[in-house]
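Sequential numbering of the sequence shown, starting at 299, is according to this note's numbering.
The beta-carbon is built from N, C-alpha and C at its ideal position, and this holds for glycine as well.
Predicted model only: the values in this text are computed from it and were never measured.
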Amino acid sequence: MMRNLRILVCLLLLGPFLNAQIFEVDTLLLNGDVNKYINIVFMGDGYTEEELDSFSEDAQKFVNTLFLESPFQEYKNYFNAFAIRVPSLQSGVDHPGDATDVAEPVFPVSDVATKFESTFDYLGIHRLLVTDNSFMVYTVLAENFPMYDQPLVIVNSSHYGGAGGAIPTVSNNENSAELFIHELGHSFASLKDEYYAGDIYTEESVNMTKETDSEDVRWKKWLGVGGVGIHQHCCGGNSTDWYRPHNNCKMRFLESPFCSICKEAIIEKIHSLVSPLDSSTPEPSFVINEEPIVYKLNLIKPEPNTLKTVWTLNGEHIAYNVDSLQIDTSMLFDGRNNLSVFIEDTTMLLRKDNHHLLHFASKKWKIEKVESFYNEIEMYPNPAGDFLNLKTTIDKAKNIAVNIYDVAGKKLKSLADFIGLDDIIKIDLSGINNEVIIVEVVVDGVPYHTEQVMRP
Ligand SMILES: [Zn+2]
Numbered sequence: 299m300m301r302n303l304r305i306l307v308c309l310l311l312l313g314p315f316l317n318a319q320i321f322e323v324d325t326l327l328l329n330g331d332v333n334k335y336i337n338i339v340f341m342g343d344g345y346t347e348e349e350l351d352s353f354s355e356d357a358q359k360f361v362n363t364l365f366l367e368s369p370f371q372e373y374k375n376y377f378n379a380f381a382i383r384v385p386s387l388q389s390g391v392d393h394p395g396d397a398t399d400v401a402e403p404v405f406p407v408s409d410v411a412t413k414f415e416s417t418f419d420y421l422g423i424h425r426l427l428v429t430d431n432s433f434m435v436y437t438v439l440a441e442n443f444p445m446y447d448q449p450l451v452i453v454n455s456s457h458y459g460g461a462g463g464a465i466p467t468v469s470n471n472e473n474s475a476e477l478f479i480h481e482l483g484h485s486f487a488s489l490k491d492e493y494y495a496g497d498i499y500t501e502e503s504v505n506m507t508k509e510t511d512s513e514d515v516r517w518k519k520w521l522g523v524g525g526v527g528i529h530q531h532c533c534g535g536n537s538t539d540w541y542r543p544h545n546n547c548k549m550r551f552l553e554s555p556f557c558s559i560c561k562e563a564i565i566e567k568i569h570s571l572v573s574p575l576d577s578s579t580p581e582p583s584f585v586i587n588e589e590p591i592v593y594k595l596n597l598i599k600p601e602p603n604t605l606k607t608v609w610t611l612n613g614e615h616i617a618y619n620v621d622s623l624q625i626d627t628s629m630l631f632d633g634r635n636n637l638s639v640f641i642e643d644t645t646m647l648l649r650k651d652n653h654h655l656l657h658f659a660s661k662k663w664k665i666e667k668v669e670s671f672y673n674e675i676e677m678y679p680n681p682a683g684d685f686l687n688l689k690t691t692i693d694k695a696k697n698i699a700v701n702i703y704d705v706a707g708k709k710l711k712s713l714a715d716f717i718g719l720d721d722i723i724k725i726d727l728s729g730i731n732n733e734v735i736i737v738e739v740v741v742d743g744v745p746y747h748t749e750q751v752m753r754p
């Protein structure tokens with residue numbers, strides 16, 4: 299019974315993958331690891347197999363336009379962009395309100411067989427273009443690019459139209475790239491329209507408020523800077539109750555830049571998704587500094603670079619705004635030392651009070667300064683299989699303990715009280731599966747010797 303149940307569960311889990319549809323994925327922009335960077339993923343709707351090259355070109359055009367727009371321009375290095383080449387059976391898109399449009403006579407106007415069933419005239423609004431089958435969008439994403447951060451659908455139609463929401467959708471009309479960036483403002487950074495879109499779209503948010511007091515308004519730090527004020531909405535419905543930060547923002551007019559408030563919101567979103575510290579070397583946070591070692595950061599830099607770094611060794615600031623730092627043994631105490639670096643984005647595009655508390659990156663290393671007389675401890679073999687031998691000439695009257703850590707400094711095993719043992723201590727490593735371990739020898743409670751041991 300149990301077994302049957304298990305098979306059923308397996309089939310249920312496998313079901314969706316048995317029919318997985320795998321499509322080619324074009325890389326449009328690649329700055330780094332898809333698991334770390336922000337992935338914008340395009341899918342086309344209404345492009346047939348033969349039209350997929352033109353879909354990839356359309357997606358590339360959108361990417362090129364996006365990264366000419368501040369603040370995406372400054373933070374381009376934080377993004378990747380991909381295009382999943384999903385074909386539709388038929389070319390074009392549903393356009394029920396356009397049945398008499400002779401400009402597109404080749405397409406049956408309201409029943410085009412497209413992958414995501416996109417349609418114009420959503421809610422009866424001519425230019426409102428949405429993907430009707432979002433389940434299929436998420437299925438294609440899950441099966442082809444599950445690491446997506448921001449999906450986007452480009453619809454194969456030269457008519458102007460689009461929509462925001464979780465899956466921004468725009469046509470490939472010549473003005474769509476601007477519309478795409480506006481919709482991305484909604485989807486990516488939760489921005490509201492700065493024109494009055496209607497009472498149902500009103501909400502206290504980053505760039506919309508009812509607050510008129512200059513001491514309390516959410517964008518008070520920007521008041522008077524570059525046209526930022528408390529500007530009343532107009533017209534219709536309850537529009538006069540609501541205020542926007544700027545009169546000329548991309549969330550209002552397509553050809554305009556984003557206002558300072560919207561730029562700040564987009565940068566904060568980028569910071570919430572990606573650490574400016576991509577990686578660092580040495581990778582382990584436990585380092586034996588027997589000779590000069592260069593500690594190096596691989597930073598994701600905005601352009602221009604507004605990242606600032608502060609390096610601290612044993613509580614003292616020793617360097618600023620450098621990506622790498624050499625530590626000589628003369629800079630270290632005997633035994634354990636602490637090196638850390640703090641990285642913050644000091645861009646003028648942010649005026650957040652608590653930014654340095656929310657969005658920063660840091661890296662810490664524990665450094666062991668090893669003197670030559672520690673050679674009286676020898677570990678072998680290295681790489682070590684199930685057993686590691688520790689040969690020592692340390693005085694038998696002393697209490698020897700051994701700690702095993704992973705490279706992040708997490709303790710995996712502790713062995714104490716080796717008093718009176720033979721010269722060779724045999725350490726059982728079975729059950730420890732890490733490729734690299736750090737073995738620390740503690741003598742009479744004092745860290746004495748640390749060594750990196752590889753595993754086969
Ligand atoms: Zn704005």
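Residue state for H569 is assigned as helix, using DSSP reduced to three classes. Of all C-beta pairs linking the region 369 to 378 to the region 561 to 575, three or more are shorter than 8 Å, placing the two stretches in contact. The three-state reading of DSSP puts P543 in coil, since its state is none of H, G, I, E or B. Non-local beta-carbon contacts of L439 in its own chain, meaning distances under 7 Å to residues more than five positions away in sequence, involve V339, Y446, P449 in chain order.
P444 and V323 have their C-alpha atoms roughly 12 Å apart. The distance from the Cβ of K519 to that of S503 is about 17 Å, inconsistent with a contact at the 8 Å cut-off.
Around the C-beta of F418, 16 or more other C-beta atoms lie within 10 Å, and the residue is accordingly described as buried. The straight-line gap separating the alpha-carbon atoms of N587 and Q624 is approximately 11 Å. Taking C-alpha positions only, S583 is separated from A706 by approximately 5 Å.
Approximately 15 Å separates the beta-carbon atoms of T604 and V620; this is outside 8 Å, ruling out the contact.
With the criterion CB distance below 6 Å from any heavy atom of ligand 1, the matching residues run E492, N505, P543, H544, C547, M549, F556, C557, I559, C560 along the chain. Remark: C-beta atoms of A659 and S573 approach each other more closely than 8 Å. L688 places its beta carbon less than 8 Å from that of I675.
Around the C-beta of V523, fewer than 16 other C-beta atoms lie within 10 Å, and the residue is accordingly described as exposed. Cβ contact annotation for Q530 (same chain, cutoff 7 Å, sequence separation greater than five): T538, Y541, in chain order. In this structure, the beta-carbon distance from V585 to A682 does not fall below 8 Å. Judged by beta-carbon spacing, L595 lies beyond the 8 Å limit of V526, meaning their Cβ atoms are not closer than that value. Secondary structure in the region 357 to 428: the beta strand (DSSP E) runs of 3 residues or longer, each lying completely within the stretch, are 377 to 382 in chain order. DSSP, reduced to helix, strand and coil, places Y335 outside both helices and strands of the structure shown, so it counts as coil.
DSSP lists no bridge partner for K508. Annotation: C533 to Y493 spans about 9 Å, alpha carbon to alpha carbon.
Excluding sequence positions up to five before and after S485, its CB lies within less than 6 Å of the CB of G462, P466, all in the same chain and listed in chain order. Shown here, W609 sits in a strand according to DSSP, grouped into three states. Residues of the same chain with a CB within less than 6 Å of the CB of Y420, apart from the 5 flanking positions on each side, are L426, V428 in chain order. DSSP places Y436 within a helical segment (H, G or I) once states are collapsed to three.
Residue E347 holds the alpha-carbon nearest to the alpha-carbon of G390 among N680, E347, L637, N731. At the C-beta level, D343 and T412 come within 8 Å of one another. Straight across, the Cα-Cα distance linking N536 with T507 is about 12 Å. Residue pairing by DSSP places F340 opposite A381, L450 in a beta bridge.
DSSP places E676 in the strand class (E or B) of the three-state scheme. As computed with DSSP, P745 is found in a beta bridge with V740. It is roughly 59 Å from the alpha-carbon of E589 to the alpha-carbon of R550.
DSSP places Y499 in the helix class (H, G or I) of the three-state scheme. When the beta-carbon positions are compared, L686 and L727 come within less than 8 Å of each other. For I479, the enclosing alpha helix (DSSP H) stretches over residues 474 to 487. Ranked by Cα distance from E481, the first of I452, D576, L387 is I452.
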